[in-house]
Amino acid sequence: MEETLEKPFKSTPKAGMPYYWKVILVFTLGWVFMYADRTILNPIMPILAKEFGINNAQLGLINSVFFLAYAVLQIPAGTLGDRLGRKNVLVPGYILFGIATAFTGIANSFFMLLLARIVTGIGEGTYYGPQYALSSEAIPEKVRTVGTAVINSGQAIGISLGYITASTLTLEHGWNWRIPFYIMAIPTIITALLIWFVIKEKPRKFNVEARGADTKKGETQKTSMFALFKNRNLSLTFIMVFCSLYGFFAILTWLPQYLQTERGYQGSDVGFISSLVPWASIPGALFFGYLSDKFGRRKPLVYILVPIAALSIYLVVYTQSDAAMMFALIVYGLTGKLALDPVLVAFVADNAPKEAYSTAFGLYNFIGMSSSILAPYITGYLVDTTGSMRSGFFLAMILLFIGLAAMIFTKEKPRTRTA
0 MEETLEKPFK STPKAGMPYY WKVILVFTLG WVFMYADRTI LNPIMPILAK
50 EFGINNAQLG LINSVFFLAY AVLQIPAGTL GDRLGRKNVL VPGYILFGIA
100 TAFTGIANSF FMLLLARIVT GIGEGTYYGP QYALSSEAIP EKVRTVGTAV
150 INSGQAIGIS LGYITASTLT LEHGWNWRIP FYIMAIPTII TALLIWFVIK
200 EKPRKFNVEA RGADTKKGET QKTSMFALFK NRNLSLTFIM VFCSLYGFFA
250 ILTWLPQYLQ TERGYQGSDV GFISSLVPWA SIPGALFFGY LSDKFGRRKP
300 LVYILVPIAA LSIYLVVYTQ SDAAMMFALI VYGLTGKLAL DPVLVAFVAD
350 NAPKEAYSTA FGLYNFIGMS SSILAPYITG YLVDTTGSMR SGFFLAMILL
400 FIGLAAMIFT KEKPRTRTA
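Numbering-wise, numbering that gives the first Met the number 0 puts 284 at position 285 of the sequence shown, and it's gapless, one number per residue.
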């Protein structure tokens with residue numbers, strides 16, 4: 000199956016670069032602007048609180064409604080991608096996300112801000128399942144985890160880009176908070192067009208044949224969803240990704256405000272310190288992705304990464320030393336969600352049927368991103384209740400250990416080591 004999937008891409012090479020590297024680079028760029036959009040909001044949350052007269056729970060709600068819309072789209076986008084074509088779902092959604100990013104800057108009330116973020120979440124929600132389906136088909140299995148890690152590095156670059164852009168322009172230079180949204184919308188729409196023209200996709204009839212001629216119309220989704228949930232490895236991986244993303248989005252949403260309100264940092268320092276996590280995650284993801292492909296195992300890396308990430312989250316808010324806090328952020332970047340995700344994505348690809356990749360990845364991301372709906376609001380509520388970020392980050396640490404416990408019950412067959 001895999002050799003057949005790659006054959007169309009190898010038949011018409013236009014340059015020396017292998018097609019799968021073009022896929023990796025274009026989808027990396029796609030994640031850059033996805034995460035830049037998500038993080039340009041976070042450094043300016045104190046400004047939004049003053050302008051719209053809202054509390055921390057309501058600030059968290061801005062991100063929660065975005066992630067609600069994003070998560071709800073995961074399964075429909077995945078299944079539509081499998082049926083109608085991945086690009087036909089992904090690209091229009093990405094264009095919508097770019098337009099909605101610009102409209103976020105136009106919002107003149109808390110309600111309009113919520114509405115703009117909901118539409119942005121809908122647009123971004125079409126990306127994950129179709130993207131990883133296309134890349135998993137195109138990238139050879141022997142380098143799949145590393146390829147996924149490179150694609151995921153776009154998330155890290157985007158986080159840093161969003162943090163630094165917003166904190167430098169608004170906190171450092173005093174520009175209006177709306178301007179970063181206008182700026183980010185332009186390259187976002189350009190990236191959508193780039194995806195459309197660079198990425199190739201097999202004719203739809205090829206996918207239909209792969210499912211089996213005896214499959215009745217309408218049965219594929221029902222059967223594949225049931226099979227995915229029955230697969231113990233997949234179900235337990237879904238628990239792990241939920242717990243991993245909860246901690247990640249608690250940090251992603253609230254770290255800039257924590258640095259300002261509880262650590263006393265101001266201006267561009269907020270963006271640069273917050274960026275320690277994504278900067279550290281790039282070498283971490285590549286290194287652990289290489290180990291995963293080299294030795295053909297996923298679970299041992301989960302056992303290493305998750306406990307270290309959990310303890311680093313604890314240290315961020317419980318140490319009094321700024322140097323120790325920054326060290327903990329770097330360690331979390333090296334071992335946290337962005338480093339763990341390529342390993343989990345590869346584990347999903349190892350266990351899911353290839354003809355249901357888009358659905359499997361959509362389901363994986365839906366369950367994972369469901370935690371992102373809860374994390375911003377719950378953390379904000381705990382801050383309002385306790386007056387400190389500590390309780391919210393402590394909860395994130397506990398959930399990581401719960402996810403680790405779930406992964407103990409997965410079964411992994413040793414794979415052939417790569418040369």
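Even for Gly, the Cβ is constructed at its ideal location relative to N, Cα and C.
Checklist entry - Candidates Thr-103, Gly-120 and Ile-188: which alpha carbon is nearest Ile-178's? => result For Ile-178, the nearest C-alpha among the options comes from Thr-103.
Next on the checklist: Please tell me whether Ile-194 and Gly-29 are closer than 8 Å, where the distance is taken between their beta carbons.
Outcome noted: Yes, they are a contact pair.
Checklist entry - Can the beta-carbon of Arg-389 be found closer than 8 Å to that of Asp-321? => result Going by C-beta atoms, Arg-389 is not nearer than 8 Å to Asp-321.
Checklist entry - What are the boundary residues of the alpha helix (DSSP H) that Glu-50 is part of? => result From DSSP, the alpha helix (DSSP H) with Glu-50 extends over 44–51.
Item to check | Own chain, CB closer than 6 Å to Ala-68, minus 5 neighbours either side, in chain order | outcome: Same-chain partners within the cutoff: Ile-117, Gly-120 and Ile-121.
Checklist entry - What's the gap between the Cα of Phe-408 and the Cα of Ala-374? => result One Cα belongs to Phe-408, the other to Ala-374, and the distance between them is close to 26 Å.
Item to check | Alpha-carbon spacing of Phe-228 relative to Ser-234, whole angstroms | outcome: Near 6 Å, if we compare the C-alpha coordinates of Ser-234 and Phe-228.
Checklist entry - How big is the Cα-Cα spacing for Pro-139 and Asn-350? => result Each residue's alpha carbon lies about 16 Å from the other.
Item to check | Given 8 Å, three or more beta-carbon pairs between the stretch 265–272 and the stretch 160–172 | outcome: The stretch 265–272, when compared against the stretch 160–172, does touch it at the 8 Å Cβ threshold.
Checklist entry - Just checking my contact of Leu-337 with Asn-62 at CB under 8 Å: how many whole Å lie between their CB atoms? => result Between Leu-337 and Asn-62, the beta carbon gap of about 18 Å keeps them out of contact (Cβ cut-off 8 Å).
Checklist entry - Considering only C-alpha positions, which residue in the set Phe-287, Thr-27, Pro-352 and Leu-113 is nearest to Tyr-126? => result Out of Phe-287, Thr-27, Pro-352 and Leu-113, Thr-27 has the C-alpha closest to the C-alpha of Tyr-126.
Item to check | Where the alpha helix (DSSP H) through Pro-352 begins and ends | outcome: It is not in any alpha helix (DSSP H) - Pro-352 carries neither H nor E in the DSSP assignment.
Checklist entry - Mind checking Thr-385: buried by the 16 CB within 10 Å criterion, or exposed? => result So Thr-385 counts as exposed.
Next on the checklist: My output table needs one value for Ser-390: the three-state DSSP class, helix, strand or coil.
Outcome noted: In this structure, Ser-390 counts as helix in the three-state DSSP scheme.
Item to check | Cut-off 7 Å between Cβ atoms - residues of its own chain near Ile-238, not counting five sequence neighbours on either side | outcome: Answer for Ile-238: Gly-402 and Ala-405, listed in chain order.
Checklist entry - Which residue spans inside the stretch 238–325 form an unbroken alpha helix (DSSP H) run of at least 4? => result Counting whole runs of 4 or more residues, the stretch 238–325 contains the alpha helix (DSSP H) stretches 267–273, 275–294 and 298–317.
Next on the checklist: Output needed for Val-382: all residues of its chain with C-beta closer than 7 Å, excluding positions within five of it in sequence on either side, in chain order.
Outcome noted: Only Asn-55, Met-388 and Gly-391 meet the Cβ criterion.
Item to check | Alpha-carbon to alpha-carbon, Leu-47 and Ile-53 | outcome: Rounded to the nearest angstrom, the two C-alpha atoms are 8 Å apart.
Next on the checklist: Pairs of beta-carbons, one from the stretch 362–380 and one from the stretch 302–320, closer than 8 Å: are there three or more?
Outcome noted: The stretch 362–380 and the stretch 302–320 do not touch, with fewer than 3 CB-CB distances between them shorter than 8 Å.
Next on the checklist: Tell me the rounded alpha-carbon separation between Phe-400 and Phe-326.
Outcome noted: The alpha-carbon atoms of Phe-400 and Phe-326 are separated by roughly 21 Å.
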